[in-house]
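A.B. asks: This is the structure, below, for whatever I ask next.
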Amino acid sequence: MKLKNDENVIFLCGGEDIFSLVVDLGFYSCKIGHNQEDTPRIFLNSICGEREMNDEYENYMDGSLKNINYKELKYPLNLYNRNENIRIKPLFYKDDNKDDIKLNADVFEKILEYSIEGIEIPKVFECTDDIIMDPIKLGGLNLNFEEHPILLTEFNMHNHKIREQMTEILFEKYNIPALYFAKKAKLTSFSLGRSTSLVIDIGYNSLDINPVYEGYVLQKNSLEYNIGGQYFDKLIYEQLIKDNVNIIPYFVYCNGYDNMHTCFNDNINGSIHNNNHNNIGHNNNIDNINHHGNSNTYQENSLENSVNPFYNIHHSYKEECILDVIRYMKESVCRTRIINDDSKCEEKKNSIQNITNLNEQNNIHISNENNIKDACTKEEFFELPDGYKINIHKYKYDIAEHLFHSIPSLNNFKGLPQSIINCIISTDVDIRKELLQSIVITGGSSLFPGLIERLHNSLKEKECFTQSNKFKILNMTSLVEQKYSSWLGGSILASLGTFQQMWVSKKEYHESGHNIILDRCF
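Going left to right, the sequence shown walks through residues 446 to 967 as the working numbering numbers them.
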């Protein structure tokens, strides 16, 4: 069956296919792709580079030259390049004294234009007599906004301001045919074929615990804590500062600065060192590295560009490049300590000792002293871009351990196991059993090896779980599914024939305004 919702736009319903786009935007990354596919085609960071430009133009009144200042956005931003006078501008940010999430509308537009349409550049090639300009588009899906409906994921807690901003941009500027908003927890549940589940999303900016019942996110029972990938990055950096370890960004080496150690002193990381790192992890305001500030000061000194790799580099860009190194270290090194690790270590020592005793009884003289000594004390190292090796014993298990302990300064966070129990208890008695049988762990910061096993063991120790009140943590088939679960759920939802009547068309929006979005997208 064909349904005409707007002039020049025809949607296919009744189970037939519709070619739409799924856009999943987060604090750290953006995932964009087609419905009916199992992975996004576009995966990029949620930051732009902003450069202030100053051009001269001729005044048509008196012919004099005047200056005009404007800002140019650069996307995508390659942190391996030395980008001068570029300030980091994120897609989402929070006010310093508030938890309200805000949207940088110009960054939103830039990301969509690059990811969906691509950036148009002139292609020049010589002909016999003249030069022909043939415009081409690079990057993105190379699609037209006006031809494809868009399903947008949104944060689990209502944010009407961001929703209105996105709706106006998509309908009024890009003239898309239809739009729908869906909450991330709901889509994660759909990605596993469940309409009811308890979704634990450990993302870059926060840890969210959301009960989903029959496709609805129960916001009154949802919990949110400011602990996530960004929090872990800053914990690692705090420890590196205590150990007097300087993190040098990748772009320093990619641009061939041989003398960087002569100019890399205690002040070279000043903008990060002076951000009260002694308080990181011990107060609620852990977002000490602020990308949306209005400061345009640059890390400049008397050293020339050929000597100082940070000459004309904005402090926010340098900070982001340093955090990029730390993120790679976190993903390579950090894991979750399993509760019985110590007992396994002792068993390993005892088994080696038993083998030694057996060899002595059989007059086999093989020294296993080194094996016993190194059984659980073997040192491991992580190599930084400058070749400096860090002993990872302080970082390997201690970072993820913060998820399992109380942090009163973070909205009275009681640790992940207890927070799950508190969330379950706050829900209606009739749905608790269903929620406990469908616990879903998702988000990029949930990929610490051993985290799900540790959580399972910790929940088993809680007295509230009995034979008649069991819990089950659902396993994702792959790490990719665990990382992209909300996008995958959006792809599944947008492909359902029964969903096609839920789209908000351009005509409906112009007739009813934002109210139609509030009524239909929940």
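For each residue, glycine too, the CB sits at the ideal point set by N, CA and C.
(1) What number of angstroms, rounded off, separates the C-alpha of P853 from the C-alpha of I561?
(2) So which of H760, Y756, K823 and I837 has the shortest CA-CA distance to I771?
(3) List the residues that DSSP assigns as beta-bridge partners of A627.
(4) Between Y773 and C766, what straight-line distance do the alpha-carbon atoms span, to the nearest angstrom?
(5) So, at 6 angstroms on beta carbons, what are the nonlocal neighbours of L768 in its own chain, with the 5 sequence-adjacent residues on each side left out?
(6) Beta-carbon within less than 7 angstroms of H850's beta-carbon, same chain only, minus the 5 sequence neighbours each way: which residues are those?
(7) Just to confirm, is the Cβ distance from I533 to I607 under 8 angstroms?
(8) Does DSSP put I693 in a helix, a strand or coil?
(9) Beta-carbon of K543 versus every beta-carbon of chain B: anything under 8 angstroms?
(10) Let me know if Q664 comes out buried or exposed under the rule of 16 or more other beta-carbons within 10 Å of its beta-carbon.
(11) Enumerate in chain order the residues of its own chain whose CB-to-CB distance from L597 is below 6 angstroms, with the five nearest sequence positions on each side excluded.
(12) Take Y658 as the anchor and find which of Q882, P862 and I897 has the nearest alpha-carbon.
(13) Leaving aside the five residues before and after C493 along the sequence, list all residues of the same chain whose C-beta is less than 7 angstroms from its C-beta, in chain order.
(14) Mapping DSSP to helix, strand and coil, what is R965?
(15) What did DSSP end up calling Y773 once you bin it into helix, strand or coil?
(16) Flag this pair as yes or no: are the beta carbons of K476 and W932 separated by less than 8 angstroms?
(17) Leaving out five residues before and five after L624 in sequence, what residues of the same chain have Cβ atoms less than 6 angstroms from its Cβ?
(18) Among E683, Y649 and L588, whose alpha-carbon lies nearest the alpha-carbon of C621?
(19) What are the partner residues of D469, as DSSP defines its beta bridges?
(20) Does the structure place the region 631-639 close enough to the region 913-933 that three or more beta carbon pairs sit under 8 angstroms?
(21) I645 and I886 look like a contact to me (Cβ under 8 angstroms); what is the Cβ gap, rounded to whole Å?
C.D. replies: Quick look at the numbers:
(1) What you label residue 853 is simply residue 408 of the sequence shown in a count that begins at 1. What you label residue 561 is simply residue 116 of the sequence shown in a count that begins at 1. Rounded to the nearest angstrom, the two C-alpha atoms are 43 angstroms apart.
(2) For the purposes of this step, residue 771 is taken as residue 326 along the sequence shown, with counting starting at 1. Answer by Cα proximity: I837.
(3) Numbered from 1 along the sequence shown, position 182 holds the residue referred to as residue 627. For A627, which the question treats as bridged, DSSP gives the partners T598.
(4) Reading the sequence shown from its first residue, position 328 is the one you call residue 773. Reading the sequence shown from its first residue, position 321 is the one you call residue 766. If you take the alpha carbons of Y773 and C766, they lie about 11 angstroms apart.
(5) Numbered from its first residue, the sequence shown carries residue 768 at position 323. Around L768: D678.
(6) Here residue 850 corresponds to residue number 405 of the sequence shown, with the count starting at 1. Within the same chain, H850 has close Cβ partners G860.
(7) Mapped onto the sequence shown, residue 533 falls at position 88. Mapped onto the sequence shown, residue 607 falls at position 162. For the 8 angstroms CB-CB criterion, I533 and I607 do not form a contact.
(8) Taking the first residue of the sequence shown as position 1, residue 693 is located at position 248. In this structure, I693 counts as coil in the three-state DSSP scheme.
(9) Although the question refers to chain B, the structure presented lacks it and comprises just one protein chain.
(10) Start at 1 with the first residue of the sequence shown, and residue 664 comes out as number 219. It counts as exposed.
(11) On the sequence shown, residue 597 is found 152 positions in, with the first residue counted as 1. Cβ within range, chain order: V468 and F626.
(12) By 1-based counting over the sequence shown, the position of residue 658 is 213. Comparing Cα-Cα distances from Y658 to each of Q882, P862 and I897, the minimum goes to Q882.
(13) Working through the sequence shown from its first residue, we reach residue 493 at position 48. These residues qualify, in order along the chain: L518, K519, Y520, L522, K534, V552 and K555.
(14) Position 520 of the sequence shown holds residue 965. If DSSP states are grouped into helix, strand and coil, R965 belongs with the helices.
(15) Stepping through the sequence shown from its first residue, residue 773 is reached at position 328. Three-state result, Y773: helix.
(16) Taking the first residue of the sequence shown as position 1, residue 476 is located at position 31. Taking the first residue of the sequence shown as position 1, residue 932 is located at position 487. Closer than 8 angstroms, so yes.
(17) Against the sequence shown, residue 624 aligns to sequence position 179. Short of 6 angstroms from the beta carbon of L624, and not among the five residues preceding or following it, lie these beta carbons of its own chain, in chain order: I595, L615 and V949.
(18) Working through the sequence shown from its first residue, we reach residue 621 at position 176. In the sequence on display, residue 621 carries Ile and not Cys. Closest option to I621, Cα to Cα, is L588.
(19) Here residue 469 refers to the residue found at position 24 of the sequence shown. In DSSP, D469 forms a bridge with K476.
(20) yes
(21) In the sequence shown, the residue the question calls residue 645 occupies position 200. In the sequence shown, the residue the question calls residue 886 occupies position 441. That pair is a contact at about 5 angstroms.
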